[in-house]
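Colleague:
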């Protein structure tokens with residue numbers, strides 16, 4: 047490895063891989079240069095030569111891994127391939143930034159995580175770019191500080207992932223069981239599933255209603271309404287879809303000592319109670335309650351309201367994760383998202399699918415990984431386009 | 047019955063009954079006068095004499111029903127009593143406006159509805175006062191017009207029902223299984239449960255997470271997070287609690303041809319698509335999709351936005367229902383809320399409780415009424431304060 051310079055290999059020169067290659071070539075990612083590009087599609091060789099002259103191109107990612115041209119790779123390939131490519135790369139001592147989602151089913155992600163854990167000298171990170179959005183970075187710090195106390199409930203309606211039919215018709219694998227392993231839960235919503243559990247904690251159980259091919263001609267889900275249990279009475283609601291052209295992005299979190307509402311991932315309102323809500327409740331006498339009902343007590347005296355509007359930080363997010371990945375390799379800077387954390391979102395997404403398929407609430411702690419895989423394979427086989435998974 | 051004048055008897059001179067007696071005495075309810083008052087509490091006799099001199103007082107509602115002083119009654123008494131008092135009154139030919147909720151368990155409400163159906167000459171209505179709120183009246187008309195098409199999903203977060211501990215400590219029966227049969231679902235949220243199913247349709251299934259005595263020292267639920275299935279892939283989310291001092295009231299409904307968002311039961315935003323969203327989705331070519339992702343297509347061209355702010359209509363609502371009830375008795379004006387419709391909210395509330403107790407999704411069409419009652423009685427017996435129900 048070059049000193050303080052990570053030579054990144056791009057596996058898959060699609061939209062995402064092309065964007066990463068571009069920002070690295072432009073020198074926008076400190077501590078990182080473009081080492082090589084690999085793609086199985088011969089047409090991409092020409093594209094690479096045109097856009098990145100002089101950068102080695104491989105039609106086989108294994109050849110690139112062995113070439114000595116790269117210190118690290120990013121896996122911008124279909125979701126099912128993330129775990130196996132990550133295992134291969136780490137096995138060769140190549141630092142790996144895996145794309146989200148970490149995988150489709152937890153069994154393969156667990157194998158990846160276990161393998162990576164045996165190779166701590168090789169960096170293993172995941173592209174959860176939205177964790178770098180200052181909206182969520184600030185909220186993560188606020189919640190982790192303990193100032194707001196324990197979570198009571200949360201709801202995230204995230205339907206800004208509108209995708210028209212033409213989007214699905216672009217490729218054979220999109221929104222199929224065998225090619226993608228799901229719909230909105232696997233492709234679009236993994237960002238929010240990660241942020242949600244990052245902010246609120248890992249859910250213990252999930253019950254979900256999914257509609258498959260609801261308002262799109264696809265095999266998988268374009269409509270999701272889910273309920274999770276965080277334990278100790280705390281619960282959460284998550285709703286997403288790709289069929290809402292208007293789109294809502296609204297996150298609410300109620301805590302013992304306050305409340306947070308985030309609109310459009312931009313406007314944050316933080317309510318801070320003067321003390322724990324239960325203490326406030328207990329100090330009111332029955333006479334106070336009577337006054338409250340006569341409108342003589344104003345509950346808004348018990349809290350402050352802080353509103354903050356953030357600029358959109360979309361363009362910078364991927365660059366921030368790439369820089370952080372390079373900094374971790376170069377000097378041990380803590381990762382924004384350790385690769386091993388990717389399993390939480392995968393368990394949640396696949397748990398929602400399994401719940402919808404079986405009509406049962408799914409235990410996410412003692413998770414039925416084999417049952418999920420068997421159900422997924424039944425759908426892959428019925429679809430008949432791709433091979434079953436193991 | 048006096049011609050064009052309904053002499054109303056109040057059963058239960060509590061907060062609600064006292065308010066009704068007041069507005070009727072002040073002549074604010076056209077076609078209705080205060081006929082008599084009944085209350086089992088001797089202290090109320092004095093109160094009635096002071097506030098409503100000359101109005102007959104009975105310590106037994108049966109005596110009032112037989113007195114000839116009243117043409118109609120309203121049942122402002124604990125929820126369990128609504129069905130049995132309604133049956134008694136209707137059996138005596140007395141028009142009845144039952145309070146919400148219609149009851150606690152569907153078995154008793156079904157008996158009430160069946161009995162009322164056998165006596166169509168006697169008016170049977172229910173106090174769903176929030177149906178008179180112009181916010182919801184206008185939305186009901188819009189949705190029923192079919193302009194927005196079929197429902198896709200909905201979410202209502204209604205946590206503006208803050209109740210401090212002192213509220214629960216006022217009476218022995220509050221938020222007990224035997225005295226009230228539930229917490230926020232039975233006392234506060236029935237308004238929204240009714241409005242929700244009135245606007246969105248009757249759910250077919252429900253799965254819910256309830257926390258009992260979560261942040262209050264009570265036996266029943268002060269925290270609810272529920273998921274419903276309307277059939278054909280349409281789903282809904284309902285979240286309520288009495289422990290959010292800040293309070294949220296936000297209703298969202300997505301339809302095939304538009305979307306409605308209601309904030310604080312006052313601000314309504316209606317989005318109208320130029321055509322069905324699926325048709326809009328289908329007309330975009332793959333080239334259009336590429337342009338969309340490059341930011342060259344603006345989806346907001348496909349819809350209009352109408353915002354409307356309503357005045358608070360709180361004070362007038364009960365008067366409107368009382369007037370409508372009188373008008374129905376006097377000249378057959380259609381009821382705002384037929385008494386028989388009260389069962390929908392009761393089935394939904396008790397279905398949420400049963401789901402939380404059993405961990406199962408509950409069928410609301412083939413509803414397990416006997417199982418609910420058995421589970422409720424188990425809790426009443428364990429509580430040991432009130433008798434079991436049948």
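Chains as they are written, first to last, in the numbering used here: chain F, 47 to 436; chain W, 47 to 436. The C-beta atom is built at its ideal place from N, Cα and C for all residues, glycine as well. Since the model is a prediction, treat every value here as computed from it, not as a measurement.
1. Please report the residue range of the alpha helix (DSSP H) in which residue 213 of chain F lies.
2. Is the beta carbon of residue 173 of chain W sitting closer than 8 angstroms to the one on residue 127 of chain W?
3. Would you mind reading off the limits of the alpha helix (DSSP H) that contains residue 336 of chain W?
4. Residues in its own chain within less than 8 angstroms of residue 65 of chain F by CB, not counting five upstream and five downstream?
5. Please work out which residues of its chain come closer than 6 angstroms, Cβ to Cβ, to residue 48 of chain F, disregarding the five sequence neighbours upstream and downstream, and give them in chain order.
6. Count the other C-beta atoms from every protein chain shown that fall within 10 angstroms of the C-beta of residue 411 of chain W, then say buried if there are 16 or more, exposed otherwise.
7. If you pair each beta-carbon of the segment 391-407 of chain W with each one of the segment 79-90 of chain W, do three or more pairs fall below 8 angstroms?
8. Go to residue 89 of chain W, then tell me how far its alpha helix (DSSP H) extends in each direction, as first and last residue.
9. I want to know whether the segment 154-161 of chain F touches the segment 94-103 of chain F - three or more CB-CB distances under 8 angstroms.
10. Since residue 395 of chain F contacts residue 239 of chain F with CB under 8 angstroms, what's their CB separation in whole angstroms?
11. For the segment 108-120 of chain W and the segment 128-148 of chain W, state whether three or more C-beta atom pairs, one from each stretch, are separated by less than 8 angstroms.
12. Report the CB separation of residue 289 of chain W from residue 198 of chain F in whole angstroms; it is logged as a contact under 8 angstroms.
13. Can you list, in chain order, the residues of the segment 352-385 of chain W whose Cβ is nearer than 7 angstroms to any Cβ on chain F?
14. Can you tell me whether residue 268 of chain W is buried or exposed? The criterion is at least 16 other CB atoms within 10 Å of its CB, across all chains shown.
15. Would you say residue 321 of chain F reaches chain W, if we count a Cβ-Cβ gap shorter than 8 angstroms as a contact?
16. Which partner residues does residue 201 of chain F have in the DSSP bridge list?
17. So with Cβ pairs under 8 angstroms, would you call residue 158 of chain W a contact of chain F?
18. Counting only C-beta atoms, is residue 453 of chain F closer than 8 angstroms to chain W at any point?
19. Closest by CA to residue 61 of chain F, which one among F:90, F:54 and F:190?
20. Is it buried or exposed for residue 177 of chain W, if we count other Cβ within 10 angstroms and need 16 for buried?
21. Quick one: list the residues of chain W neighbouring residue 407 of chain F, beta-carbon separation under 7 angstroms, in chain order.
22. Output the boundary residues of the beta strand (DSSP E) element that contains residue 170 of chain F.
23. So residue 266 of chain F and residue 223 of chain F are supposed to be a Cβ contact under 8 angstroms. How far apart are they, rounded?
24. What residues in the segment 167-201 of chain W bring their beta carbon closer than 8 angstroms to a beta carbon of chain F?
25. Indicate whether at least one CB of chain W lies closer than 8 angstroms to the CB of residue 311 of chain F.
26. Could one say the Cβ of residue 47 of chain F lies closer than 8 angstroms to chain W's Cβ atoms, at least one of them?
27. According to DSSP, which residues form a beta bridge with residue 131 of chain F?
28. Does chain W have any CB closer than 8 angstroms to the CB of residue 349 of chain F?
29. Exposed or buried, residue 314 of chain F, counting other C-beta atoms within 10 Å across all chains shown (16 or more means buried)?
30. Which ranges does the alpha helix (DSSP H) cover as unbroken runs of at least 4 residues, wholly within the segment 138-171 of chain F, from first to last along the chain?
31. Using a C-beta cutoff of 8 angstroms, does residue 93 of chain W count as contacting chain F?
32. State yes or no: is the C-beta of residue 256 of chain F within less than 8 angstroms of the C-beta of residue 270 of chain F?
33. Taking only beta-carbon positions, decide if residue 266 of chain F is within less than 8 angstroms of chain W.
34. Round the Cβ separation of residue 276 of chain F and residue 236 of chain F to the nearest angstrom and send it over; I've been treating them as touching at under 8 angstroms.
Modeller: By the coordinates alone:
1. 211-215
2. It is not a contact, given that the beta carbons lie outside the stated cut-off.
3. 332-339
4. 364
5. Model confidence at residue 48 of chain F stands at a pLDDT of 44, short of 50, so the residue's coordinates are unreliable; what they give is reported in the following sentence. Result list for residue 48 of chain F: empty, nothing under 6 angstroms.
6. exposed
7. No: fewer than three Cβ pairs fall under 8 angstroms.
8. 89-97
9. Output reads no: the segment 94-103 of chain F does not touch the segment 154-161 of chain F.
10. 6 angstroms
11. yes
12. 7 angstroms
13. none
14. Answer is buried; the Cβ neighbour count reaches 16.
15. no
16. F:283 and F:298
17. no
18. Outside the displayed span of chain F (47 to 436) sits residue 453 of chain F, for which this structure offers no information.
19. F:90
20. buried
21. 405
22. Annotation: the continuous beta strand (DSSP E) that includes residue 170 of chain F extends over 170-172.
23. About 7 angstroms separates the two Cβ atoms, so the contact holds.
24. 198, 199 and 201
25. no
26. Because residue 47 of chain F carries a pLDDT of 43, less than 50, the predicted location of this residue cannot be relied on, and no value is offered for it.
27. Beta-bridge pairing links residue 131 of chain F to no other residue.
28. yes
29. buried
30. 152-163
31. no
32. Yes; because the gap between Cβ atoms is below 8 angstroms, this pair is in contact.
33. Under the Cβ distance rule, residue 266 of chain F does not count among the residues neighbouring chain W, no pair being separated by less than 8 angstroms.
34. Rounded, the Cβ-Cβ distance is 19 angstroms, inconsistent with contact.
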